[in-house]
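Below: the structure, in structure tokens.
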Amino acid sequence: MTGVQKRFPGVVALDGVDLDLMAGEVHILLGENGAGKSTLMKILSGAQSRDAGEILVDGAAASIDSPKAARALGISIIYQELTLVPQLSAPANVFLGKEPTTALGLLDVEKMKAQTRELLDGLGISINLDAPVGTLGIAEQQMIEVAKALSEKARILVMDEPTSALTSSEIEQLFAAIARLLARGVGIIYISHRMNEVERIGHRVSVMRDGKKIGTYKTKDVAIDELIRLMVGRPVGDHVPRRRATVGDEVLRVESLSRSQVLRDISFNLRRGEILGISGLLGAGRTELARALFGADLADSGKVTVKGTMAFVRSPADGISAGLGLLPEDRKTQGLVLGLSVRANIALTSAKRLSRFGLVDEAGEIALAKRYVEDLRIKTPNIEQCASALSGGNQQKIVLGKWLATGVDVLIMDEPTRGIDVAAKVEIYELMNRLTADGAGIVMISSELPEVLGMSDRILVMRGGRIAAEFSGENANQEVLLGAALGQAS
Amino acid sequence: MKSWIMAHARRVGTLVGLFLLGALLSFLSPFFLTASNLLNIMEQTAINAVIAVGMTFVILSAGIDLSVGSITALAGVVMANRLQAGTPLLVAILAGLTTGAVCGLVSGLLITRGKLPPFIATLGMMSVARGAALLFTDGRPISGFDESLRQLSTGRILSIPVPVILTVVLYALSIVLLSRTRFGRYVYAIGGNEEATRLSGVAVGFHKTLVYVLCGVTAALASVLLTARLNSAQPIAGMAYELDAIAAVVIGGTSLTGGLGTLGGTLIGALTMGVLRNGLNLLGISSFLQQIVIGIVIIAAVLMDSLVKSKRSH
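Just so you know, the protein sequences line up as chains P and C, in that order. For the record, in the first sequence the residue sitting at position 46 is 46 according to our numbering, with numbers rising by one throughout. For the record, in the second sequence the residue sitting at position 111 is 601 according to our numbering, with numbers rising by one throughout.
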């Protein structure tokens, strides 16, 4: 791939990226969330189009405009989110879209079964071929995806974080299968966040950052520390205006919070006036923690104390009455009711307080909405404007306003500045400063390291559903945070 | 064997339910367990069972078709009109089936090309087809055909009523279509995970459209049986048939979210409803009360599913 470019409205996702792959090698692709790895791979596999650049397969220019065209060239991708039909069996999935039929036009079930078994044997795996794949383990499903790719005579295989959901013995099984693929001359592009895998299976490694490729190295020539430094490599926290507030009493205490598979034994506390940053990679359990705290998901065990009293948070309604608020990860689907007006959105959390005998107190709602539109400087023609018509930054302010209106003591913010422009970001940061100055505590989940470092008084790093490390705001830097998130002492 | 029972637990459950119901009714009424009554039940079930074939395909693909009752009426009056004009029976039937296919094609294209939700597209078709049937007949029934059509209702082969034989043949063919052909496989795949199916290179839109065509055809097929039985085609026939068909599919264990279910289950579901109606009639229970009982059975069947599912996921 040479000079590949991709623009999305307002962002350059890929800026002239070159990448090459040889037969029989594992080429590892490293980069932070949002560095452009996935976009690059989607372009290679035909799921997205490119704006500029060339892709050469076996030295010849290839036009890849659909997943089908990519597969015809022997390029297959295995997404992190597996794309199997859970209700169908393994052979049905492997041959989906290219089923062999008998002379009568009926499905040749026996042939599909035999060939699937052959493919899986070749990978050194045996699984139940009659069971719906949804009932099988993640590792087995992944092997079925690999078999599916092989049935298409794949010579270039892209694997997007294949080990993120596997146990260590399953990982060994996957690596053994990869070794067999390499022996057959298949080239593999392997996206990973796990540093130990770089040395373990990679021949070469490329680092991406901000839509650009930083460099390609032989894995034996480059140290892990160096790779982490290359992944981060940008100036830190220049436009994040944190003003420390006076830290007061403990407002939130979490003890041994657990939820099967996703949260393990989480304990921490938060004081008034404090911003607690939570860092970690995608899938580390950060959003799950936010949802469990707020009552959107039920925790299996653990104790949450808010303002010194034990809180039984079994639903978002409980969370709100305990004094918690959640600014969710996806503003459009979880934070706002897009079809409703600015007024209705702001008043949504205060509906109980603002109604009498079940009737909405319209004047009260209007006053409330006006107050926050003015206070937060939400740019809207009037408070009856549909929320979907506003910009991302202003939408986020509406979500903030709806929590300020309930008088939260603890605000949990999940990716508070995702997808909003720099000016609006700074405004959101200012509001966070004001909130803490007024004595609230904030738990801020963020994938943007500069934001975490710039805004947090303390930082927790999560990995695999656990708290992997804690840093004070002054002592942390991008290298140590990323190192902790990846499970590397650096 | 154990794994087979596990895999087919839902259908075995419905079948056991059907037998228990039959045993109870034969205990309560001496007339229930007679050969003539059982054949009677199958005959009465035939129309719903035939419509439910197409409905099963639609629901398996994670869709819904509300227009089948109206299509039954429209296809019936088109066929009756041809018969009155002296067209041979087979050609007249073909005209009716084509009518059903066209209605299904329009719904299917609205859903796949127009990106309408199936509920909306077929709700519109329900009204359009009903209106067309009324307009076409000026609101009056069409009757007075020669004996050949009547034979389809009253005829017997080896003392088995023709509608029952037709239904059994239709189910046999459809089961092969659903479980042994690419088309059938894609119906399950689309209902199970449409995006994964598309990424596998399957022409999802084409196959989805075909599902609605098939559903229109089976609805038209039911109109042949209905017109033969009444010896008349009514523009107001088939009111609320879509609800009976959906009920049969759902009682038969097919998931409304798609991807999971069988035609065998649907047949059992249709028979369960038939046995229930017949039995309640024999016991002299008012038709008002019957509606309540049938409603409860539908809810109980699906409730059982969701309880089993939520238990498994824990």
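Yeah, the Cβ is synthetic: ideal placement off N, Cα and C, and Gly gets one too.
For the stretch 551-572 of chain C, which residues have a beta carbon sitting closer than 8 Å to at least one beta carbon of chain P? none
In the DSSP output, which residue or residues are listed as bridge partners for F268(P)? To locate residue 268(P), count along the first sequence from 1; it is residue 268. DSSP, once it has assigned bridges, lists V254(P) as partnering F268(P).
Determine which residues share a DSSP beta bridge with C386(P) and list them. For the purposes of this step, residue 386(P) is taken as residue 386 along the first sequence, with counting starting at 1. DSSP, once it has assigned bridges, lists S341(P) as partnering C386(P).
Using only the alpha-carbon positions, how far apart do I647(C) and V654(C) sit? Stepping through the second sequence from its first residue, residue 647(C) is reached at position 157. Stepping through the second sequence from its first residue, residue 654(C) is reached at position 164. Answer to the nearest angstrom: the Cα atoms are 10 Å apart.
Can you list, in chain order, the stretches of the alpha helix (DSSP H) that have 4 or more residues and sit fully within the stretch 115-173 of chain P? 138-151
Note down, in chain order, each residue of its chain lying with its Cβ closer than 7 Å to the Cβ of I346(P), except the 5 sequence neighbours on either side. Taking the first residue of the first sequence as position 1, residue 346(P) is located at position 346. Around I346(P): L368, A369, Y372, I398, G401, K402, A405.
With 7 Å as the threshold, decide whether the Cβ of L746(C) is near any Cβ in chain P. The sequence position of residue 746(C) within the second sequence is 256, counting from 1. Answer no: the Cβ-Cβ gap between L746(C) and chain P never drops below 7 Å.
Determine the contact status of A476(P) and L453(P), defining contact as a CB-CB distance below 7 Å. Taking the first sequence and counting its residues from 1, one reaches residue 476(P) at position 476. Taking the first sequence and counting its residues from 1, one reaches residue 453(P) at position 453. The answer is yes: Cβ separation under 7 Å.
If you check the beta carbons only, do A290(P) and D130(P) fall under 7 Å apart? Counting from 1 along the first sequence, the entry for residue 290(P) is found at position 290. Counting from 1 along the first sequence, the entry for residue 130(P) is found at position 130. Their beta carbons are not under 7 Å apart, which means A290(P) does not touch D130(P) by this criterion.
In the DSSP assignment, the beta strand (DSSP E) including S472(P) goes from what residue to what residue? Taking the first residue of the first sequence as position 1, residue 472(P) is located at position 472. Counting along the chain, the beta strand (DSSP E) containing S472(P) begins and ends at 466-472.
Name the residues in the stretch 95-121 of chain P whose C-beta lies less than 8 Å from a C-beta of chain C; which are they? L96, G97, K98, E99, T101, G105, L106, L107, V109
CB-CB under 8 Å to G248(P), same chain, minus the five flanking residues each way: which ones, in chain order? As a first step, residue 248(P) is located in the first sequence; it is residue number 248 there, counting from the start. Taken in chain order, the residues that qualify are R271, R272, G273, G439.
Taking Cβ to Cβ, would you say A90(P) is nearer than 7 Å to I125(P)? Locating residue 90(P) in the first sequence gives position 90, counting from the first residue. Locating residue 125(P) in the first sequence gives position 125, counting from the first residue. Taking 7 Å as the Cβ cut-off, A90(P) and I125(P) do not qualify as a contacting pair.
Hey, G594(C) and Y661(C) are a contact pair by Cβ (cut 8 Å); roughly how many whole angstroms apart? For the purposes of this step, residue 594(C) is taken as residue 104 along the second sequence, with counting starting at 1. For the purposes of this step, residue 661(C) is taken as residue 171 along the second sequence, with counting starting at 1. That belief does not hold up - the Cβ atoms of G594(C) and Y661(C) are roughly 19 Å apart, past 8 Å.
Rounded to a whole number of angstroms, what is the C-alpha to C-alpha distance between T219(P) and V57(P)? Against the first sequence, residue 219(P) aligns to sequence position 219. Against the first sequence, residue 57(P) aligns to sequence position 57. When rounded, the distance between both Cα atoms is 24 Å.
When S168(P), E161(P), S169(P) are compared against I189(P), the one with the closest alpha-carbon: Along the first sequence, one-based indexing puts residue 189(P) at 189. Checked all of S168(P), E161(P), S169(P); the closest Cα to I189(P) is E161(P).
Anything in chain P within Cβ reach of S690(C), meaning under 7 Å, just list it in chain order. By one-based count along the second sequence, residue 690(C) stands at place 200. Going along chain P in sequence order, the residues near S690(C) (Cβ under 7 Å) are L96, G97.
Examine the ligand COA and report whether any of its heavy atoms sits within less than 6 Å of the Cβ of L505(C). Because no ligand of any kind appears in the structure shown, any question about the ligand COA cannot be addressed here.
Under 7 Å between beta-carbons, which chain P residues line up against A686(C)? List them in chain order, please. To locate residue 686(C), count along the second sequence from 1; it is residue 196. The contacting residues are T83, L84, V85.
Tell me which residues of the stretch 647-675 of chain C have at least one Cβ-Cβ distance to chain P shorter than 9 Å, keeping chain order. V666, S669, R670, T671, R672, G674, R675
I believe G559(C) touches E732(C) by the beta-carbon criterion, under 8 Å. Please report the beta-carbon distance rounded to the nearest angstrom. To locate residue 559(C), count along the second sequence from 1; it is residue 69. To locate residue 732(C), count along the second sequence from 1; it is residue 242. With 8 Å as the limit, G559(C) and E732(C) qualify as a contact, their Cβ atoms being about 5 Å apart.
Let's test the definition: count the other Cβ atoms within 10 Å of the Cβ of G452(C) and tell me whether it reaches 16, buried, or not, exposed. Because chain C here runs from 491 to 804, residue 452(C) falls outside it and cannot be looked at.
Considering only their Cβ atoms, is the gap separating E32(P) from M231(P) smaller than 7 Å? The count along the first sequence starts at 1 and reaches residue 231(P) at position 231. The count along the first sequence starts at 1 and reaches residue 32(P) at position 32. Yes, these two residues count as a Cβ contact at 7 Å.
For V207(P) and A284(P), what's the separation of their Cα atoms in angstroms? On the first sequence, position 207 is the one that residue 207(P) refers to. On the first sequence, position 284 is the one that residue 284(P) refers to. If I take the Cα positions, the gap works out to 21 Å.
In whole angstroms, what separates the C-alpha of M729(C) from that of A738(C)? Counting from one through the second sequence, the residue named residue 729(C) turns up at place 239. Counting from one through the second sequence, the residue named residue 738(C) turns up at place 248. Taking the straight line joining both Cα atoms gives about 16 Å.
Where does M729(C) sit, in a helix, a strand or coil, going by DSSP? Here residue 729(C) refers to the residue found at position 239 when the second sequence is read from its first residue. Looking at M729(C) - three-state DSSP - the assignment turns out to be coil, as it is neither helix nor strand.
Assigned secondary structure, H203(P) (DSSP; H/G/I helix, E/B strand, else coil): Taking the first sequence and counting its residues from 1, the one referred to as residue 203(P) is at position 203. Looking at H203(P) - three-state DSSP - the assignment turns out to be coil, as it is neither helix nor strand.
Among the residues of its own chain, which have a CB less than 6 Å from the CB of L150(P), if the five just before and after it don't count? For the purposes of this step, residue 150(P) is taken as residue 150 along the first sequence, with counting starting at 1. Excluding sequence neighbours, L150(P) sits near L119.
In chain order, each alpha helix (DSSP H) run of at least 4 residues that lies wholly inside the stretch 296-363 of chain P: 316-322, 342-347
Taking 7 Å as the threshold (C-beta atoms), are A552(C) and V85(P) in contact? Locating residue 85(P) in the first sequence gives position 85, where the first residue counts as 1. Locating residue 552(C) in the second sequence gives position 62, where the first residue counts as 1. No, the pair does not count as a contact, with Cβ atoms beyond the cut-off.
In its own chain, which residues sit with a C-beta less than 6 Å from the C-beta of A13(P), not counting the 5 before and 5 after it? The residue given as residue 13(P) occupies position 13 in the first sequence. Only K6, G36, T39, G211 meet the Cβ criterion.
Please report the straight-line C-alpha distance between T612(C) and D795(C), rounded to a whole angstrom. What you label residue 612(C) is simply residue 122 of the second sequence in a count that begins at 1. What you label residue 795(C) is simply residue 305 of the second sequence in a count that begins at 1. Looking at the two C-alpha atoms, the distance is approximately 27 Å.
What separation, rounded to the nearest whole angstrom, lies between the Cα atoms of G134(P) and G325(P)? To locate residue 134(P), count along the first sequence from 1; it is residue 134. To locate residue 325(P), count along the first sequence from 1; it is residue 325. Distance between the alpha carbons of G134(P) and G325(P): 35 Å.
Measuring CA to CA, which of S638(C), N683(C), S526(C) is closest to P578(C)? Walking along the second sequence from the start, residue 578(C) turns up at place 88. Answer by Cα proximity: S638(C).
Chain P within 7 Å of A679(C), Cβ atoms only: By 1-based counting over the second sequence, the position of residue 679(C) is 189. So yes, A679(C) belongs to the interface.
Just to make sure I have the definition right: I need the residues of chain C whose C-beta is within less than 9 Å of the C-beta of P67(P). Which are they? Within the first sequence, residue 67(P) is the residue found at index 67, counting from 1. Near P67(P) (Cβ distances below 9 Å), the residues of chain C are R688, L689, S690, G691.
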